[in-house]
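Numbering (my numbering), first residue to last: 6 to 157.
No residue lacks a Cβ here, since even glycine has one placed at the ideal position from N, Cα and C.
Quantities reported herein were computed from a predicted structural model and do not represent experimental measurements.
To keep things clear, I will list the structure first and then write my remarks on it.
Below you can see the structure in the form of structure tokens.
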């Protein structure tokens, strides 16, 4: 399970170092293959271990190329998907067009989301946290059976 938030740095070549605590979780048979793509609603990237990406890819392949909304989602997610492998030193290269999409500078945040990571610029992450907190504070948890089950 991928969880937690970790501050990471982007080097001049567009790489970041995967924290040690995640390296075994994303490796299969000693290979650490990942797929990175854009988030279509927010200014961040989604980084999937390959075994999790295959599940997403299967769902995307079932979308219609003739339904404009489905085709757009499919085009954006698959068209921006890039394979990337973690090297022996734990470094992961993020493609330049995706770094530009997410407005990355040096300081990033790696956010575990169970089956994937979100990769945010530090500035955008802080803004998202504030927006999420404001939204959550306005929720009436008693009106949603799914949220009520959290029993926080």
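Note down the Cα distance separating residue i from residue j, rounded to an integer number of angstroms.
i: residue 97; j: residue 147; result: 42 Å
i: residue 134; j: residue 45; result: 18 Å
i: residue 90; j: residue 143; result: 41 Å
i: residue 113; j: residue 58; result: 22 Å
i: residue 121; j: residue 73; result: 27 Å
i: residue 15; j: residue 123; result: 15 Å
i: residue 129; j: residue 138; result: 14 Å
i: residue 83; j: residue 61; result: 10 Å
Which whole-angstrom value is the C-beta distance of residue i and residue j, which I expect to be below 8 Å?
i: residue 103; j: residue 40; result: That pair is no contact at about 11 Å.
i: residue 13; j: residue 21; result: 5 Å
Under DSSP, the beta strand (DSSP E) around residue i begins and ends at which residues?
i: residue 24; result: That residue, residue 24, is in no beta strand (DSSP E); it is neither H nor E in DSSP.
Within the same chain, show all residues whose beta-carbon is closer than 7 Å to that of residue i, passing over the 5 residues directly before and after it, in chain order.
i: residue 17; result: none
i: residue 43; result: 50, 81, 85, 103 and 106
i: residue 88; result: 38 and 40
Here's a check: name, in chain order, each residue in its chain whose Cβ is nearer than 8 Å to the Cβ of residue i, leaving out the five neighbours to either side.
i: residue 33; result: 54, 55 and 56
Following the continuous alpha helix (DSSP H) through residue i, name the residue where it begins and the one where it ends.
i: residue 84; result: 73-84
i: residue 137; result: 127-142
i: residue 105; result: 101-106
Can you give me the Cβ contacts of residue i inside the same chain, cut-off strictly under 6 Å, excluding the 5 residues immediately before and after it?
i: residue 76; result: 70
Okay, do the stretch 14-30 and the stretch 101-121 touch, 3+ Cβ pairs below 8 Å being the bar?
-> yes
Using 8 Å as the Cβ pair cut-off and three pairs as the minimum, do the stretch 65-84 and the stretch 106-114 touch?
-> no
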